[in-house]
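S.K.: Numbering of the sequence shown is given in this note's numbering, commencing with residue -16 and proceeding in unit increments. Can you keep this structure in mind? I'll have questions shortly.
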Amino acid sequence: SQNEPEKLEGDMLYLKDIGALIEKKATATDMTQVQDPALIRDAFFHRSCRLLAEVGQTYSAELGTGKSVRQAWATVQILQHKAVEAHVTAMLASNFLAQSHAEVQGKAGLVLQKLAVLFGLVQIEASMGDLLQSQFFEPDQVALVRSAIQSLLRELRPNAVALVDAFDFSDLQLASAIGRQDGDAYRALFEATRGSDMPSETSIHQHIPSKL
């Protein structure tokens, strides 16, 4: 019937466990544990569920003060936007982690798995305020996340060029001297600067006195 709630499917399926996910806490005690894909997914789903619950609670509270439905929705619009961002980020990270660990094998697979974990941890660090406020992470675990990020950056650095080249952007699309296919970035930068419309040092000195 029209009064029955919609069934949760696909990317929304994790919300069936919203209560348990809100109560989740990170148990990592070292840098290796904080890189666990399961912990990373839990962090994103926890944040998304908590923010969604906050939207509902705030909306109900606003209605309780006598505001109209329209006024109540207007009050929670910024919080809604944050909840949507949290859901989208959770989906990106979860799918990236799942695909990198299931689809690609060998050395390339290991690199992509590390890249997926790095992506997740960088997004977690950016959302650390929410995750500390909800006590998913403890303050001393923040250092573990940041140390893991630095460690992964060092490990992935030798593969950075190959990872970027895998997008196969042409020089025309890049429209930049940096990242050229032939790798001759410095010569290209020099040529681009020499052909620019910026005034030369001589012309600058000629015009400065007239402006003083």
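Beta carbons are placed, not taken as given, at the ideal position from N, Cα and C, and that holds for glycine.
1. If the criterion is Cβ atoms closer than 7 Å, does the pair residue 119 and residue 73 meet it?
2. Taking only the alpha-carbon atoms, compute the straight-line gap between residue 97 and residue 126 and give it to the nearest angstrom.
3. According to the neighbour-count rule (16 or more other Cβ atoms, all chains shown, within 10 Å of its Cβ), is residue 145 buried or exposed?
4. Closer than 8 Å is the cut-off here; do at least three beta carbon pairs connect the region 127 to 137 with the region 47 to 58?
5. Taking only the alpha-carbon atoms, compute the straight-line gap between residue 4 and residue 17 and give it to the nearest angstrom.
6. Mind checking which residues open and close the alpha helix (DSSP H) that includes residue 20?
7. How many angstroms separate the CA atom of residue 123 from the CA atom of residue 113?
8. Taking the alpha helix (DSSP H) that residue 141 falls in, what are its first and last residues?
9. Out of 46, 177, 175 and 154, which has the shortest C-alpha to C-alpha gap to residue 166?
10. Using only the alpha-carbon positions, how far apart do residue 48 and residue 57 sit?
11. Please classify residue 65: is it buried, with 16 or more other beta-carbons within 10 angstroms of its beta-carbon, or exposed?
12. How many angstroms separate the CA atom of residue 107 from the CA atom of residue 26?
13. What's the call for residue 85, buried or exposed, on a 16-neighbour Cβ count within 10 Å?
14. Enumerate in chain order the residues of its own chain whose CB-to-CB distance from residue 160 is below 7 Å, with the five nearest sequence positions on each side excluded.
15. So what's residue 173 in DSSP terms, helix, strand or just coil?
16. Apply the 10 Å Cβ neighbour rule to residue 39 and answer buried if 16 or more other Cβ atoms are within range, or exposed otherwise.
17. Suppose you measure from the CA of residue 143 to the CA of residue 35; what does that come to, to the nearest Å?
18. Please list the terminal residues of the continuous alpha helix (DSSP H) segment that includes residue 107.
19. Looking at the structure shown, is residue 79 part of a helix, part of a strand, or coil, going by DSSP?
20. Report the residue from 31, 13, 15 and 9 whose alpha carbon sits nearest the alpha carbon of residue -6.
21. Check residue 151 in the structure and name its three-state DSSP category.
M.R.: Put simply:
1. As a working mapping, residue 119 is identified with position 136 in the sequence shown. As a working mapping, residue 73 is identified with position 90 in the sequence shown. No, they are not a contact pair.
2. Position 114 of the sequence shown holds residue 97. Position 143 of the sequence shown holds residue 126. Cα-Cα distance, rounded: 19 Å.
3. In the sequence shown, the residue the question calls residue 145 occupies position 162. Answer is exposed; the Cβ neighbour count stays below 16.
4. no
5. Stepping through the sequence shown from its first residue, residue 4 is reached at position 21. Stepping through the sequence shown from its first residue, residue 17 is reached at position 34. Those two C-alpha atoms are separated by around 17 Å.
6. The sequence position of residue 20 within the sequence shown is 37, counting from 1. Where residue 20 is concerned, the enclosing alpha helix (DSSP H) stretches over 20 to 47.
7. Residue numbering aside, residue 123 sits at position 140 when the sequence shown is read from its first letter. Residue numbering aside, residue 113 sits at position 130 when the sequence shown is read from its first letter. Answer to the nearest angstrom: the Cα atoms are 15 Å apart.
8. Here the question's residue 141 lines up with position 158 in the sequence shown. Per DSSP, residue 141 belongs to no alpha helix (DSSP H) and is neither H nor E.
9. Counted from its first residue, the sequence shown places residue 166 at position 183. When each option's Cα is compared against that of residue 166, the closest is 154.
10. Along the sequence shown, read from residue 1 onward, the residue named residue 48 stands at position 65. Along the sequence shown, read from residue 1 onward, the residue named residue 57 stands at position 74. About 14 Å.
11. Stepping through the sequence shown from its first residue, residue 65 is reached at position 82. By the neighbour-count rule (16 or more Cβ atoms within 10 Å), residue 65 is buried.
12. Counted from its first residue, the sequence shown places residue 107 at position 124. Counted from its first residue, the sequence shown places residue 26 at position 43. Spanning the two alpha carbons is a distance of roughly 7 Å.
13. Taking the sequence shown and counting its residues from 1, one reaches residue 85 at position 102. By the neighbour-count rule (16 or more Cβ atoms within 10 Å), residue 85 is not buried but exposed.
14. Walking along the sequence shown from the start, residue 160 turns up at place 177. The beta carbon of residue 160 sits closer than 7 Å to those of 168, 171, 172 and 175, all from its chain and outside the five residues before and after it, given in chain order.
15. The residue you call residue 173 lines up with position 190 of the sequence shown. In this structure, residue 173 counts as helix in the three-state DSSP scheme.
16. Here the question's residue 39 lines up with position 56 in the sequence shown. Exposed is the call here.
17. Here residue 143 is taken as the residue at index 160 of the sequence shown, counted from 1. Here residue 35 is taken as the residue at index 52 of the sequence shown, counted from 1. Near 36 Å, if we compare the C-alpha coordinates of residue 35 and residue 143.
18. Against the sequence shown, residue 107 aligns to sequence position 124. Unbroken alpha helix (DSSP H) run through residue 107: 89 to 109.
19. On the sequence shown, position 96 is the one that residue 79 refers to. Three-state DSSP puts residue 79 in a helix.
20. If you number the sequence shown from 1, residue -6 lands on position 11. The residue with the shortest Cα to Cα distance from residue -6 is 31.
21. The count along the sequence shown starts at 1 and reaches residue 151 at position 168. It is coil, neither helix nor strand.
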